[in-house]
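Protein chains: 2
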Amino acid sequence: MELFHRHGYNATGIAAILRQAGVNSGSLYYIFPTKEDLLLALLERYKELLWPLVIQPVFDRVSDPIERVFGVLEGYRQMLLATGCGMGCPIGNLALELSDTHPVARKLIAENFEGWRLAIRGCLDDAADRLPPETDRDHLATFVLTVMEGAMMQAKAHRTLEPFEASVAQLREYFERLLADGREWSTPKPER
Amino acid sequence: MELFHRHGYNATGIAAILRQAGVNSGSLYYIFPTKEDLLLALLERYKELLWPLVIQPVFDRVSDPIERVFGVLEGYRQMLLATGCGMGCPIGNLALELSDTHPVARKLIAENFEGWRLAIRGCLDDAADRLPPETDRDHLATFVLTVMEGAMMQAKAHRTLEPFEASVAQLREYFERLLADGREWSTPKPER
DNA sequence: GTCTATAACTCGATAGAC
DNA sequence: GTCTATCGAGTTATAGAC
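Chains as they are written, first to last, in the working numbering: chain A, 1 to 192; chain B, 193 to 384.
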């Protein structure tokens, strides 16, 4: 994971994997017959790690569903901070490197995205009564992932947190306007 | 460009480049001493092509500055459509593959992003009087690039236009709310 | 299951003739 | 400037002993 995240799939040689894992080629190939099999296992593992590593820690300390969305984004900001904006999103990196040429990996990457997106959509559903009733929460969840990935990419390219923070600030502006609209639909009620 | 766009930098061998260009290795290496030199020249070329290929055609047929922003995004939708959502953004792909390991390429990629972002910011500046006065147009331009890249990534991973269109629709929602706010600042004036 | 040695191949890059 | 032939290193993957 470390090597694929840092250098990408193609740029990571089996030799480097063996060195870093402290394993000999015979052992690796006994379990993963090809390099791609290892990649697929890794992508399955990322799917398993989504909740325990990315979502649950945020949910444990934040209860407001909207703030949970921004809490997840804050987690990625911390990752950028910890890596000097270098490595970016492990799934996003592989998505762009491999989607065209590795159909099986592409499917697993799409499933990783879908899991992430559904976690966010759950938050939006929990806040449904605070959003304008016509809001497409499914599209909005897609949008949150879009912003996260696009913002990580620019942070990585510029090696600065700034584009990430600017993007999240704009997403926050959008949510504030949605929530303000939502209040217009719910506050008149008690006045009747 | 075609090969790096489709397969990425590392996955494209010099042999494939020679074949596709109909050139022999002696000629290629006479001009580009290393593969990385070719990459850098390609990234410079993308910078040159931004205006004539991406921006100007949209500006020629669309005059409204806000619609110009969405016109540029529509251009990327057309690219997704033409390639079956396969290849994605050529700069974005290279950004995630190489930013960590190729510092000179990373800088040129950042410059490509900056050129794109400034073209969008120009549109936003032209529409400044229609936006809320507190709007950070620089951040908003970053946000538009963020949405474009994040949306392209998801389209590529899912091999569907849907996430791209959903993301652009959400960005449109955001702009509509900003413009509605902007009108609240300008319409009261004639009433004085 | 794990070890070492290595096969089979492709990689980026070069040499030297023309 | 361009050609062909090829180098040496690095690639993924395998063989066969233990």
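Glycine included, every Cβ here is placed at the ideal spot set by N, Cα and C.
Which residues in chain A sit within 7 Å of residue i, going by Cβ to Cβ distance?
i                : result
Asn216 (chain B) : Neighbours of Asn216 (chain B) on chain A: none; closest Cβ ~25 Å, over 7 Å.
Identify whether residue i lies in helix, strand or coil by the three-state DSSP scheme.
i                : result
Val246 (chain B) : helix
Met153 (chain A) : helix
Tyr201 (chain B) : coil
Arg137 (chain A) : helix
Phe70 (chain A)  : helix
Ser186 (chain A) : helix
Val23 (chain A)  : coil
Pro183 (chain B) : Absent from the model: residue 183 (chain B). The displayed extent of chain B is 193 to 384, so no value can be given.
His158 (chain A) : helix
Leu131 (chain A) : coil
Val360 (chain B) : helix
Gly88 (chain A)  : coil
Met196 (chain A) : This structure gives no information on residue 196 (chain A), because the portion of chain A shown stretches from 1 to 192.
Thr275 (chain B) : coil
Asp318 (chain B) : helix
Thr142 (chain A) : helix
Val104 (chain A) : helix
Asp373 (chain B) : helix
Asp252 (chain B) : helix
For residue i, which residues in chain B fall below 8 Å Cβ to Cβ?
i                : result
Val147 (chain A) : Phe335, Thr338, Val339, Gly342
Met87 (chain A)  : Asp292
Taking only beta-carbon positions, decide if residue i is within less than 7 Å of chain B.
i                : result
Ser186 (chain A) : no
Gly84 (chain A)  : no
His139 (chain A) : yes
Ile14 (chain A)  : no
Glu44 (chain A)  : no
At a Cβ threshold of 7 Å, is residue i touching chain A?
i                : result
Met134 (chain B) : Within the shown structure, residues of chain B are numbered from 193 to 384, placing residue 134 (chain B) beyond reach of any answer.
Ile209 (chain B) : no
Pro282 (chain B) : no
Pro355 (chain B) : yes
For a contact meaning CB atoms closer than 9 Å, what does residue i contact in chain B?
i                : result
Glu97 (chain A)  : Gly200, Asn202, Ala203, Asn285, Leu288, Glu289
Thr101 (chain A) : Arg198, His199, Gly200, Ala203
Arg183 (chain A) : Here the premise fails: no neighbours, minimum Cβ distance about 14 Å.
Residues of chain A with CB closer than 8 Å to the CB of residue i, please, in chain order.
i                : result
Lys348 (chain B) : Ala95, Leu96, Ser99, Asp100
State yes or no: is the C-beta of residue i nearer than 6 Å to some heavy atom of the ligand HEM?
i                : result
Ser378 (chain B) : This structure lacks the ligand HEM, and indeed carries no ligand of any kind.
Relative to chain A, which residues along the region 357-370 of chain B have a C-beta separation below 7 Å, given in chain order?
Ala358, Ser359, Ala361, Gln362, Tyr366, Arg369
If contact means a Cβ-Cβ distance below 9 Å, which residues of the region 52-70 of chain A contact chain B?
So the list is empty, because no residue satisfies the distance condition.
Residues of the region 296-330 of chain B with a CB closer than 7 Å to any CB of chain A: list them in chain order, please.
Arg298, Ile301, Ala302, Phe305
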